Each structure stands twice: as C-alpha cells, then as structure tokens.
C-alpha cells in the first residue's frame, strides 16, 4: 500500500469531474483547487475540454504526466474499467466516492469484491467505495465533497460516516480545531481502520488518532495493530451501534455483521483505546491529547475566581477518581503571601471574583510549578472586574513555560468570547463546563498509566489436551454440538479444574448406592443433552440428607422432567456430594464474530441473568487482567468478605479464568462455555466446578 501517494500526492485526477455546480464531480474538483493544492490537477470527463480553468482529459491514459491519486465519482458500472485503467496508468492511490456496492445487497457485494481484487492486483491503495473523500490540511489537499480542509493540526479523524465528517468539519472550523488527516472510509472495502492506524502510526503531524466507527471487521488484526500504535499515540474511538436498535441500523448501513458491544469494550480496554461516548467527548478528549503533554500523575490543582464553580470542578474530578491535589507547604506559603486575605490558598485555589490577570497569573504560576501538582484546571467566570482576555494570555504563557497539562474552563457566553478565541488560537483546551474538562483529564491520566503497563505475559498451564480432542471428535462424528454436564466436566478435568467426583445413576436404587459411596448431603441433577437449564425443568435437587431422600428425589425428578420436557433424551441423574460453605460465581465464554473468545466473570447461581453483575475480557488473559475483571464487579466486595463473612479464594478464581482462557484459545471450535456455579471456598481452599456446559461451533 502507498499511503504516501494517498495522503501526500503530487498530482490528483478527478474522474467524473463536472462543470455544473452542485454536482459531486464539480464540488470535489472545486475543493481540490480552492483549498490550495499545489500539485498537478487533472479533470477527467470525455464530454468537456476544460473545467474550472483546468484542461480536461477524456481518459486517465491521456494525461501526459503521472497521476498519484485518482478521485472516482462516476456511475457504478464504470468504476471497474476505471480502476483497471488506473492500474495500466500506474496510479497507486484511489478514492472511490461512488456508492451502490457492498451496502446495497448481493449484487453490490459481488461488485465490491471485484474492485477489491483489481486494486490488489495493481497494488492500488483505495479508500471507499461509498465515501465522502479524504483531506490533509498539511498538504493543502481536499479530495472530498465536504467543507474546507480547515487548519493543520494534530488530530487524525477516521469516519465510517461521511455525513458525520461534514458535521465535524463545521464544528472544528468554529472552534479552530486543527487536523492532520480527515478520512471518510465508506464501505472499507480495501482500506479500513486497521490500515489507517498502521499508516498514521509514524505520521509526524498526527499526535492523536480519533475515529467514528460502526463496526470493526478484522477484530484480531485490530487488537494486534492498536496495541502497538497506542503505545506510541493515543487512539480515541466513538463506537456507534451499542444498543440493539443501533447495532441493527449499523449493520444495515455498513452491510457487515456487528460484534457485541461488550466485546468492543473488552477489546478497547485490552489495547488502551479510549472510548468516547459522544461527538462532544470525541472532540474534548482528542483536543486534550493534541494540545497538551501527558500528566505525570493524577493530582489536579484548580485555580478559580468563583467558589461555587471551583467546588463543582473539584467534585467532577473526584467523582471520576482523580485527586484534587493536596498542595505542599512551600506552595501554600507562597499562595498565602500572594493572594488577598479573603482568598483561599488551599486547593481549589480561589483568587476571588475581583482578581485581575496579574493576580490570576501569579497564582497559576505558583500552583503549576508545585511538585505536588501534575496538572491544572483554570476556572473563570465573567465578572465585572475580570479581564478574560489577559487571563487567557497568561494561560498561554504558562503552558509554554511549564511542561504540564493546563486546561481552561471559561464559563459563560458572549463576554468571554475573545478570551476563548485566544485560548483556541493558541491550542489551549477550553471546556464550557467542569465535567467535560474533568473527563478529558481522566482519559489523559488513564492513558499515561496505560503507557507504563508492563508487557503482557500470558501464563501457560500444564494440561492434558488429548481427552478433549477425542471428546470433541466424538461429538462431531455423532453430529452433536451441545456437550452436557457429565462430558463437559471431563473437559474441565483435563484442564485441571477442580471437579467433584460424580456418578450417573439410571435408577433410584443406583442413585441410593452411589449416594452411600459419595457421602451426604447429595446434589442431584438431571443428565440430558436436550436440557440446558436444569432447574427450570425440575431437574435439580440439593441437600439430600440420606438414601431415602435420594431415591425419592430420583423418582420425583424423572416424572417431573418428563412432564416438563416430554421429548428430552434423559440419560439419568448425576450425583455429587454437596460443596458447602462457598460463594457462587459464574465463569463463561462466548465467541464474538469479530474479536473471538470473550471470557465472562460474574455473580453466579440462578440469578446471574437477573442481576447481570458480569464483566468480559478477551482471551488469552493474563493474571492481572483476570483480577481486574473480578475487581470490576459488585461481586468483588462480597468475595473480599462482607458483613463478617470470610474472604473467598480470589486467587483460585483468577487461575480458573486463565485456565478457561487457555482452553478456548487451544480449541477454536468452542463456541460457548458456562461454569455456573463455580463454588469458591475461603481464601486458600480453592474453587470447585459444580455445573458445566460446552457448545461447539456448528461448522
């Protein structure tokens, strides 16, 4: 791929250029010319001799010089011949604006696959089809039918929606936000977000990579690439399609299968991607990374001219988990000597409402220089005595003097317009309310911590894979993909999970004999490949104290289950000695179509679907990642000992999560696993699998 020719071409051809204003071919050519592109520009249209003062050519091959980039805006049926002509011409980059491909149905998908084959054959780097275009303000390139390229800056934005890109351009122009690249990727037939991450990793003008995405089609590749890129540059993604309705709309829009939102969350967490919840957050966070150095820690100082807003900022910071810095004695002493008597020398530092820019400047300089402060928020409200413009200039001066992040929060409207403009012109992040500033700072702190993470080390346990290979082969041979409790537990034993001794009884007498051997109290569960939720069918009996109770429970169970599930193939009942005095959790796995095996942990037992206290992580898991999963749930407080209960063996849960991770990584044919419940004993006593289910992929 030639990203150089795509982002920094020396010549551009617009195939389908038009002389009629309002037509896409006109607007693209007009943008290329008017935004100041300095290279050769070639309109291509067989029916014109000149368009917008540029000589027009009938075909690409007629162009006398080389064509680095071709922007294609013609009828769908002509796209394939043009791409072949580009290959013959030696053009190495293309932007296909034309729609009607993979987003329209089977015919369109077939045509899209054909253009992919052509660009691969000729080594053409292609964006699209069905896209708005691409802009590179640093190169004065506007190869799109959107607005102007805008001012050069440090944010690269990749968007799966062309319409959204035009909205973003409008907002950015108003707020003076600069871009390194703006790319509408359309159907992502050839280049997708993964390719842009790779291509922008070493781009000297790009400080942060932002994206609006509706899906990620190469999940595993995304993880590999994003993990490398995010160690060098922050990645901020607004992922749409989080709800059922949104995911359905996204799939319809892109023609692609969407993965579960929980899988995206787990993937982003794994590779350090920052997730924006809105367009506003995408701007807020990207702007912070583009303009400011990373903070050394989470200690934030607040300087304000109004007590209430200062308190609001402090609340916003602490509610997100950041620290309102405790100022050191030397800093406090300097502030006491500088501030008026009624001012506050503790954090938040209050310079009072009548503070002029000199007082603001002295206080800010003392605070940001403090060794107990990692970053600073400057809150300003417009009062009669406040000279907002000069306060803004003081902030600009201090941001150059100190290598720590400084955010502004000028709260108001018309009276602060000039001050806000000074901040924007000088790349100072400005937020209208404390909550936005605090969120942006949080993401900077979290990303700085991510950069310090040690390299991931996935532990490999000694296991016995052969019994699992043999069992899965048997199920495949028999045309079955659902593995019930008895055989599923054999799989877990092969991977050294702690599984209680169990016996399968087919009669009441066998049940009594086995119970005598196992010891009381007994747990009894129906064994049937057709019954996944045994308790719903009356197929679970627990705390059976003696032989008589066991035999009666067996007979009752067979009658009840046959009544509730008449067509079930009942193998008998599995008997195990009860596991007592434990806490119930659930371990599971579900395979996401994009990102692969997702490991689940949460509160176990029959209430897991009601409480929904679960979290997800992508396999393979490290010990730290497994522990972090556990700690992110409400169940963690219970496991650590609540209201006088003993702490549970969290280390055993961590190891079981890792073992499950290894199992599903070793066997790609596993589609789902449920260990519910996993009974966790007191610290140091281990955990026991008392129920298990495995589902294999159908193909």
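In my numbering, the protein residues as written are 201 to 899.
For glycine and all other residues, C-beta sits at the position ideal for the given N, C-alpha and C.
Here the structure is a predicted model, which means the values were calculated and not measured.
Asked: Burial state of residue 402, where buried means 16 or more other Cβ atoms lie within 10 Å; Found: exposed
Asked: Separation of residue 656 from residue 621, as counted between CA atoms; Found: 44 Å
Asked: Member of 665, 726, 746 whose CA lies at the smallest distance from the CA of residue 756; Found: 726
Asked: Own chain residues within Cβ distance below 6 Å of residue 336, not counting five before or after; Found: 207, 381
Asked: The stretch 465-479 contacting the stretch 423-441, beta-carbon criterion three pairs below 8 Å; Found: yes
Asked: Chain-order list of residues whose beta-carbon lies under 7 Å from that of residue 898 (same chain, five-residue window excluded); Found: 681
Asked: Where residue 494 sits in the DSSP three-state scheme; Found: coil
Asked: Residue from 642, 256, 425 whose Cα sits closest to the Cα of residue 394; Found: 425
Asked: Nonlocal neighbours in the same chain, by C-beta distance under 7 Å from residue 376, ignoring five residues either side; Found: 351, 624, 625
Asked: Cutoff 8 Å: residue 698 Cβ touching any chain C Cβ; Found: Of the protein chains in the structure, only one exists, and it is not chain C.
Asked: For residue 486 and residue 497, the rounded distance between their alpha carbons; Found: 19 Å
Asked: Same chain, Cβ closer than 6 Å to residue 341, neighbours up to 5 away in sequence not counted; Found: 237
Asked: Straight-line Cα distance separating residue 363 from residue 303; Found: 15 Å
Asked: Contact check, residue 571 vs residue 607, beta carbons under 8 Å; Found: no
Asked: Buried versus exposed call for residue 953 [16 or more other C-beta atoms within 10 Å across all chains shown]; Found: As shown, the chain starts at 201 and ends at 899. That puts residue 953 outside it, with no answer to give.
Asked: Inter-residue spacing [alpha-carbon to alpha-carbon] between residue 678 and residue 769; Found: 15 Å
Asked: Among 697, 505, 272, the one whose alpha carbon lies nearest that of residue 858; Found: 697
Asked: Option nearest residue 884 by Cα separation, candidates 853, 895, 875, 870; Found: 853
Asked: Residue 211 - DSSP class collapsed to helix/strand/coil; Found: strand
Asked: Neighbourhood of residue 702 by C-beta, 6 Å cutoff - its chain only, sequence neighbours within 5 removed; Found: 774, 776
Asked: Nonlocal neighbours in the same chain, by C-beta distance under 7 Å from residue 562, ignoring five residues either side; Found: 538
Asked: Secondary structure, alpha helix (DSSP H): runs of 4+ residues fully inside the stretch 594-644; Found: 617-625
Asked: Identified DSSP bridge partners for residue 243; Found: 214
Asked: Bridge partners - residue 504, DSSP secondary structure assignment; Found: 550, 579
Asked: Residue span of the alpha helix (DSSP H) that contains residue 536, given as start and end; Found: 529-538
Asked: Complete runs of the beta strand (DSSP E) confined to the stretch 695-744 [at least 3 residues]; Found: 702-705, 722-727, 740-744
Asked: Cβ-based neighbour list, residue 705, same chain, cut-off 7 Å, excluding 5 preceding and 5 following; Found: 711, 714, 754, 772, 773, 775
Asked: Separation of residue 786 from residue 793, as counted between CA atoms; Found: 22 Å
Asked: Beta-carbon gap between residue 545 and residue 532 smaller than 8 Å; Found: yes
Asked: The stretch 641-648 contacting the stretch 665-679, beta-carbon criterion three pairs below 8 Å; Found: no
Asked: Candidates 638, 266, 413, of which the one nearest residue 499 by Cα; Found: 638
Asked: Helix, strand or coil at residue 692 [DSSP, three-state]; Found: helix
Asked: Option nearest residue 322 by Cα separation, candidates 290, 330, 305, 309; Found: 290
Asked: Alpha-carbon to alpha-carbon, residue 635 and residue 889; Found: 45 Å
Asked: Same chain, Cβ closer than 6 Å to residue 492, neighbours up to 5 away in sequence not counted; Found: 605
Asked: Distance CB(residue 205)-CB(residue 284) smaller than 8 Å; Found: no
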